[in-house]
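Residue numbers (this note's numbering), protein chains in the order written: chain Y, 1 to 729; chain W, 730 to 1458.
Written out as structure tokens, the structure reads:
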């Protein structure tokens, strides 16, 4: 009774307020929209560490944050670190000026130096003495710049060749035969196994390890550029141009990767003596602290056997295999080893061998010293160390499967939560690891920024951003759990009610799905991770639903590996549990269910529409995998093995075989030049449907890749929304 | 009153009958449908001339038709011309047997020889003496076979190289360096200028003129094959394959064409000494009756100046230019000269120089002897000659702009209508030209076949096919004329009422449009040329309308050239006159107008939707031209000149510039490998609409070319129909 009265009162009070609240435009909600940043993006601060001093990077000046840290003359001199002063120095030295300090950094803890890097001009300025102390100019075509602060050398690539610019201003050309088929200094293995770059300086910046990849034996996917480039030469043909892209498909011939080490002092390159690199993955490169040895984790093509190997950086010879790791399904190393700053004989190794990703300490002989963390949670990332306290700072979801919090662990395995215990945290350690900046949000916190001590956990708040949606009609967003199709596992869902919700009405509902590994959709971020499009659809009168099925990330190895060799099958069973739940809601019209997803979610959408043709009336599948035969070797074979060893898995999950089942309205959308889920997926599905006399719809974004960005993303979501409005409303 | 009573009576009488009549399925109506031939295609006969004897080609036997012609022992022996006998002979000689005689021919008037040509095995059989008199085996990969009955030599191509198989069984390789870039013996100039093949035997088959085309300098359109071929080699990649197609775009570098002459007796090839072939068209190849000289019509790249040139077939030297022809807009020769059989010094030349295509007689010195036909009608085709009567047999639309009838004209210019004076006639002359087989239909005649004398016009009916739609509910199909936008010219329209028409209802209406040159839609064929899809849509409750605007064929040069340098502009104005008329009909709902067309009609559809965005609510554009910049040199520059010389014409007709105007629902459909209107058209339009924030829909048929055939055509028309049902109904 009391509750009711209270609610009624609230309703009466809030009604006039509600009436004044605004509705969203699509441009408010979707990245790329003209008002997205103004209306959806919480305020933020740009921060950088200078040693253990936290600097706020402003437009007109840099200043020490109002935190207990940072002192001394140089900090005091920060008041001279103004845009005007820096630009005066830049101009006087013939350098490009800057418009703000957002990209500046402070590489040397002990020196009042600010590094400005603009349009490939690097300038290190002593702001106390107001002078340039070092500078370097990279060619305008340089990419993949990798600067070492100790040697002040920069590695970079131009047209797939590798160069090094040393502090003396000398340019060293490491390779000359680079091409699309033969790359130097670029990421390899299609960015799998945690690889995101192709150069690795040793600590003092005297040796550069780099990847070389031979793709000449790999099939070229014939991408086509249909737009006449604005920089085309006079008289150039307007005819569409071929853009061949090496793309090894599952079970087919893959590329070969080599690891080189370049010494700028001798201008010599050696390659690790690995033997024939065919069907081998060289991943997770790390240097020994003294810079004389290189570590990598080698993985076989089947991805069920790995070894941590040590190589001599001078000779390239293999010194030893420290240990190996096997898994019945697949073994996926994504974290290079990290040496303990206080003990050069020990390092961190992360593995999910006990079912969850945890931190292990090994010695350089390859002997396990200790499993440092343990429990049914995932260590997400090791941020670094508090050298003095000898603690490791990391993030994990120990608090809650939906959260990501910062912890320290000492060498005895004692874990301590650092900072706010809710929400989802992105932290950056200071030089000594004594502090970290902690940017976080939670369902009720749009964005907070704290500076937190890794020693005593004390925290200073720098920002508590206002809710940018405070003046908008925001639909109700809830989460909860249901049981997976295995009857045991809890799965998290997010449910969004229509903006103008009336519990006595029946609404159409749309399931948004991803469902693949390495990703999740529901977490304890702002609004439980609700997407702008969810809100847009809620405003159009849809119930929006999302469920992280088995196979998605952060729930442990068994949860992920439940889908092995038959991607989509268990995932769909879980999604159908979500549908059961949706249909149980009195305000959901079970005859008007839709589904939408992109990439793996496009695969899921198309799978659901063709496997359970009576469940969903309307689907929109974006950039889908249609047949794992067409997906690349590294990701595809990890989860599906090869078509040769798992023919039944490939056949049973192929949507070409299920095209005949399509009954509802399904639109498939693809980026015209998608290099990830190549257009062959969508186009083969169209062909299969045509041959089977079924009727999908289609849209494409010519020139776009796997995802649409900028205004194309607005257009895309208008297309998706219109499709549901046309057929589901 | 009397009429009314009569109609009422009719209605009363016919109602019960009507009620019993069937509705069509889409498979009944569209070519490619499983029941199309059974339910929509009128009965026919397969006929062939043996001299002046008309033979009916059956399944089990061939027989003389019941006509006044054909006599003698050999004709009597036709009763031995059974499938059983012929297959016995074929088998005995190790040849493939046949299932019917439909493809047989009788090349020698004086001899009882039947030519069987199956799977590249040619066999000439004497059916009186029951023996093989000649045979030849072509390689299984042979294409473009061209047999000369006098020398019994066959020219053919394999992989763009030219070969000749002579009667002695010897294979002569004419070229060895053929490739996609360098073709021999294939059609050139993209089949424009009436060119449909690449080999031309002289009359006695001793010299072979052939086309050679160098396309190495032409842009390659990157077509992509996405389907894994069933004949792929073991271990071949499943990755999509590039299929580059030389495609010269308007204003860009074009191919170079050469004319060679091969002499199988000497194994020598000479090439016509034309000089540099850059930007020159060599068209309309013809031989002198004695086979020593070659004639061709050369055209400049601007296509406004042509010359009839004579070359020496032994030396390749040019002997003379007989005469030239110019036109302010464009000159388009499509008929090679034809020598009079009774006078080797004179030939027929066809030209539209007086505004309509007519027959002119020239002498070999290039002097005009006489314009033989004249009047405001078009000579469509010269079928040949009655050698004895010295008359020319031709078809024209002199009777009516919508008809095509057979005429003879004597050397004095006296024209005589031959055979039935209604409808649309396809005729084949006998050897001497004394008779022709006349297959025709008219709005009320599904298909008749007569044998007609070219001398006295007497006619014998061989077939009067029953109406295959007699048991179906066929909608009312009417034609009429309205004035073009110029206020003067009569334009023909076709109007189809909904099957279950009720004059008191309001119906949505769909305009079907082509509108380009070289084609028309309304003629005096069966059902006024109504398309199966028109009937299908009428049955769905649409009024179907079609108008042959200015620019379309068979109405004279001025009518066609009204569109010069601004394709689409005048055509759309005429179509809007059609819309005015449609809207004046009380049963048409002017707020629910749709438009559909393919190829040039796709261009028209998209042009109409984006130029007059408030007129049409829904459009479906298939295989459209979007920007004439992307269309090929030969056709494109004829009507549009080059982008360099007519930039304003190209800009003002470009639908990339009009993409921003789109308001209604427009679906664009293209063949994934369309070599005519390359995918760049549709994809560029999608990109332009995305950039302009407008919202077309899209579909594609991967692997298909410019048109969909077979079951794809059924699928296509279901897609088109659904789109109108979704958005216009």
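Note that the Cβ used here is the ideal one computed from N, Cα and C, for glycine as well.
From the DSSP secondary-structure annotation, give me the bridge partner or partners of residue i.
{"i": "residue 338 of chain Y", "result": "Y/348"}
{"i": "residue 235 of chain Y", "result": "Answer by DSSP bridge pairing: none, since residue 235 of chain Y is not bridged."}
{"i": "residue 1273 of chain W", "result": "W/1225, W/1239"}
{"i": "residue 480 of chain Y", "result": "Y/493"}
{"i": "residue 1113 of chain W", "result": "W/1122"}
{"i": "residue 1009 of chain W", "result": "W/1029"}
{"i": "residue 425 of chain Y", "result": "Y/440"}
Please state whether DSSP places residue i in a helix, a strand or coil.
{"i": "residue 132 of chain Y", "result": "strand"}
{"i": "residue 9 of chain Y", "result": "No answer about residue 9 of chain Y holds up, because its pLDDT of 39 lies below 50 and its placement is not dependable."}
{"i": "residue 415 of chain Y", "result": "strand"}
{"i": "residue 1091 of chain W", "result": "strand"}
{"i": "residue 535 of chain Y", "result": "helix"}
{"i": "residue 919 of chain W", "result": "helix"}
{"i": "residue 788 of chain W", "result": "coil"}
{"i": "residue 776 of chain W", "result": "strand"}
{"i": "residue 1050 of chain W", "result": "strand"}
{"i": "residue 84 of chain Y", "result": "helix"}
{"i": "residue 978 of chain W", "result": "strand"}
{"i": "residue 769 of chain W", "result": "helix"}
{"i": "residue 691 of chain Y", "result": "helix"}
{"i": "residue 902 of chain W", "result": "strand"}
Alpha carbon to alpha carbon, how far is residue i from residue j?
{"i": "residue 3 of chain Y", "j": "residue 445 of chain Y", "result": "Bear in mind that the predicted position of residue 3 of chain Y carries a pLDDT of just 39, short of 50, making it unreliable; the figure below should be weighed with that in mind. Cα to Cα, the separation comes out at about 26 Å."}
{"i": "residue 261 of chain Y", "j": "residue 118 of chain Y", "result": "28 Å"}
{"i": "residue 921 of chain W", "j": "residue 833 of chain W", "result": "30 Å"}
{"i": "residue 974 of chain W", "j": "residue 43 of chain Y", "result": "54 Å"}
{"i": "residue 721 of chain Y", "j": "residue 556 of chain Y", "result": "35 Å"}
{"i": "residue 1418 of chain W", "j": "residue 1389 of chain W", "result": "6 Å"}
{"i": "residue 527 of chain Y", "j": "residue 370 of chain Y", "result": "39 Å"}
{"i": "residue 550 of chain Y", "j": "residue 98 of chain Y", "result": "48 Å"}
{"i": "residue 1044 of chain W", "j": "residue 219 of chain Y", "result": "50 Å"}
{"i": "residue 1227 of chain W", "j": "residue 1334 of chain W", "result": "22 Å"}
{"i": "residue 1154 of chain W", "j": "residue 1115 of chain W", "result": "18 Å"}
{"i": "residue 765 of chain Y", "j": "residue 596 of chain Y", "result": "With chain Y covering only 1 through 729, there is no way to say anything about residue 765 of chain Y."}
{"i": "residue 1455 of chain W", "j": "residue 1123 of chain W", "result": "48 Å"}
{"i": "residue 843 of chain W", "j": "residue 855 of chain W", "result": "7 Å"}
{"i": "residue 1048 of chain W", "j": "residue 1109 of chain W", "result": "30 Å"}
{"i": "residue 624 of chain Y", "j": "residue 249 of chain Y", "result": "15 Å"}
Who are the Cβ neighbours of residue i in its own chain at under 8 Å, not counting the five residues just before and after it?
{"i": "residue 776 of chain W", "result": "783, 784, 785, 786, 794, 1157, 1166, 1178, 1191"}
{"i": "residue 1342 of chain W", "result": "1390, 1391, 1392, 1393"}
Leaving out five residues before and five after residue i in sequence, what residues of the same chain have Cβ atoms less than 7 Å from its Cβ?
{"i": "residue 873 of chain W", "result": "885, 886, 914, 915, 926, 927, 928"}
{"i": "residue 334 of chain Y", "result": "193, 194"}
{"i": "residue 738 of chain W", "result": "Low per-residue confidence applies at residue 738 of chain W: pLDDT is 39, beneath 50, and the placement is therefore not dependable enough to give any value."}
Strictly under 8 Å for the Cβ-Cβ distance: is residue i near chain B by that measure?
{"i": "residue 238 of chain Y", "result": "In the displayed structure, chain B is absent; the protein chains listed are Y and W."}
By Cβ distance below 6 Å, which residues in the same chain neighbour residue i in space, the five residues on each side in sequence not counted?
{"i": "residue 719 of chain Y", "result": "699"}
{"i": "residue 263 of chain Y", "result": "207"}
ask   = What are the complete beta strand (DSSP E) segments, minimum 3 residues, inside the stretch 584-670 of chain Y?
value = Restricting attention to beta strand (DSSP E) runs no shorter than 3 residues, the stretch 584-670 of chain Y encloses them at 588-598, 618-622, ordered along the chain.
key: 3-residue-minimum beta strand (DSSP E) runs that sit fully inside the stretch 86-153 of chain Y, ordered along the chain   = 113-118, 121-126, 131-137, 143-148
ask   = Can you list, in chain order, the stretches of the beta strand (DSSP E) that have 3 or more residues and sit fully within the stretch 928-963 of chain W?
value = If we require 3 residues or more, the beta strand (DSSP E) runs fully inside the stretch 928-963 of chain W come out as 928-930, 937-943, 949-954.
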